[in-house]
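Chemist:
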Amino acid sequence: MNNFFIEAAPLQGYTDYIFRNLHYQYFGGIKCYYTPFIRYEHETFRNRDLRDCAPENNRVARLIPQLIAAEPQELNHICTRLYGLGYHQLDINMGCPFVPIVRQGKGSGILPQPDKVERLLQETLKFPEISFSIKIRLGWESADESLQLLPLFHSYPLHHITLHARTGKNQYKGEPDKEAFGRFYEKCRIPLLYNGNVSSVEEALAVRRQFSGIAGIALGRGLLQNPFLAREILSGPISADERQQTISAFHQDLLNSYQSRLAGDHQVLTKMKTFWEYFLPESNKKIRKKILKSQTIGQYKQYVSQLLTGDSSDAEQY
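Take 1 as the starting number for the sequence shown in UniProt numbering and just add one per residue.
In structure tokens:
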């Protein structure tokens, strides 16, 4: 897979700097990580966004902050702040499908509005020291929307495009539209990454075979489900012993990190249960349910230990 690389797509509420740092430490295979999108609203930034992209909190080899904006002045404020933090590459989110964001004309809600897209891209020219990429969907309602925007994209010096092969209206339902992705791929002269439902090595290799000229793949939920996925795509299978030991150590460090930063067991349990919404979906379903229903850190640790070691002898204790 020469010149083919894998990036870690961001998911709000999941891929914060704690997760990114530990994934990089334990699993590898990722060329660069993205922050969940940073916004500028009501003339201010959210503290959690600034904390998440603060250079002192991030230990991955390469981090690209992702921003979201509807108007040029929003983009300008965000770029100015992030450049001041030392970032020279930024990603613009034009793909978020969530209705509250779309109603603001942001994310995939901007795709049916070529004039607004162009105004945002024109604003990037005020920052020649920053390299910009974009994350898009096929469109908000129609897959043709991205194709109609492609000549506009070609007129700007974009580093790359990540294309999620669904429309915004489709959210995460149904299968990605690879036929529509292919139409965009055939005409795109900018390095292009595939995104959408790649959750196994087989799926990644199938995408690579079908679109042999793509620059790479951006993994989202698939990487949360199997944190080894990027490494397995690039280097092959992981032994059962290494898998069990690495995942156990990673999970313990993740739990310790949230315990040291969050206020009280309730917040920690809420955060870790959220993590298990995706993590290891093929593992013992009965124990997974007990993890999600645990009421104390002690219960949580016991059930996780049973799941990761394969010991379910005490699974009915509570």
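Think of the CB as a built atom: it goes at the ideal place given N, C-alpha and C, for glycine as much as any other residue.
Please read these numbers as outputs of a predicted model, since none were measured by experiment.
Whether or not the region 216 to 233 and the region 20 to 27 are in contact is what I'm after, with contact meaning three or more pairs of Cβ atoms, one per stretch, closer than 8 Å; do they touch?
Modeler: Touching, per the Cβ criterion.
Chemist: Determine the contact status of residue 167 and residue 138, defining contact as a CB-CB distance below 8 Å.
Modeler: Yes, Cβ-Cβ distance for residue 167 and residue 138 is below 8 Å.
Chemist: Start and end of the beta strand (DSSP E) containing residue 139?
Modeler: Start and end: 131 to 139.
Chemist: CA-CA distance, residue 287 and residue 248?
Modeler: Approximately 16 Å between the Cα atoms of the pair.
Chemist: Judging by CA-CA distance, which residue of 87, 107, 111, 212 is the nearest neighbour of residue 132?
Modeler: That would be 87, whose Cα lies nearest to the Cα of residue 132.
Chemist: Rounding to the nearest angstrom, what Cα-Cα distance links residue 252 and residue 207 in this structure?
Modeler: Using only the alpha carbons, I get a separation of about 34 Å.
Chemist: Using DSSP bridges, identify the partner residues of residue 44.
Modeler: Bridge partners of residue 44: 41.
Chemist: Report the three-state DSSP secondary structure of residue 287 (helix, strand or coil).
Modeler: It is helical.
Chemist: What residue range does the beta strand (DSSP E) around residue 167 cover?
Modeler: Note, residue 167: beta strand (DSSP E), 161 to 167.
Chemist: What is the residue span of the beta strand (DSSP E) that residue 32 lies within?
Modeler: Residues 32 to 34.
Chemist: Answer yes or no: do residue 211 and residue 236 have a C-beta to C-beta separation smaller than 8 Å?
Modeler: Taking 8 Å as the Cβ cut-off, residue 211 and residue 236 do not qualify as a contacting pair.
Chemist: What is the DSSP secondary structure of residue 206, reduced to helix, strand or coil?
Modeler: Residue 206: helix per DSSP, three-state reduction.
Chemist: List the residues that DSSP assigns as beta-bridge partners of residue 89.
Modeler: Answer by DSSP bridge pairing, in chain order: 131.
Chemist: Just to confirm, is the Cβ distance from residue 5 to residue 215 under 8 Å?
Modeler: Taking 8 Å as the Cβ cut-off, residue 5 and residue 215 qualify as a contacting pair.
Chemist: Report buried or exposed for residue 266, applying the criterion of at least 16 other Cβ atoms within 10 angstroms of its Cβ.
Modeler: That one is exposed.
Chemist: Compute the Euclidean distance between the alpha carbons of residue 317 and residue 244, then round it to the nearest angstrom.
Modeler: Caution is warranted here: a pLDDT of 39 is assigned to residue 317, below 50, making its placement in the model unreliable, and no coordinate value can be reported.
Chemist: If you reduce the DSSP assignment to three classes, tell me which class residue 331 lands in.
Modeler: The chain is shown only over 1 to 318; residue 331 falls outside these bounds and no answer can be derived.
Chemist: With distance defined between alpha-carbon atoms, name the residue in 11, 18, 3 nearest to residue 260.
Modeler: Residue 18 is the option with its Cα nearest to residue 260.
Chemist: Does the region 67 to 80 come close enough to the region 115 to 134 that 3 or more CB-CB pairs lie under 8 Å?
Modeler: Verdict: yes, contact present.
Chemist: So residue 321 and residue 177 are in contact, right, with Cβ under 8 Å, and what is the actual spacing, rounded?
Modeler: Here the chain covers residues 1 to 318 and nothing more, so residue 321 does not appear.
Chemist: Need the endpoints of the alpha helix (DSSP H) that residue 182 sits in, please.
Modeler: Per DSSP, residue 182 belongs to the alpha helix (DSSP H) from 178 to 187.
Chemist: Quick one: complete alpha helix (DSSP H) runs, 4+ long, within the region 215 to 282?
Modeler: Qualifying alpha helix (DSSP H) stretches, in chain order: 221 to 225, 229 to 235, 240 to 261, 265 to 275.
Chemist: Hey, could you find the ends of the alpha helix (DSSP H) residue 18 is sitting in?
Modeler: Where residue 18 is concerned, the enclosing alpha helix (DSSP H) stretches over 17 to 26.
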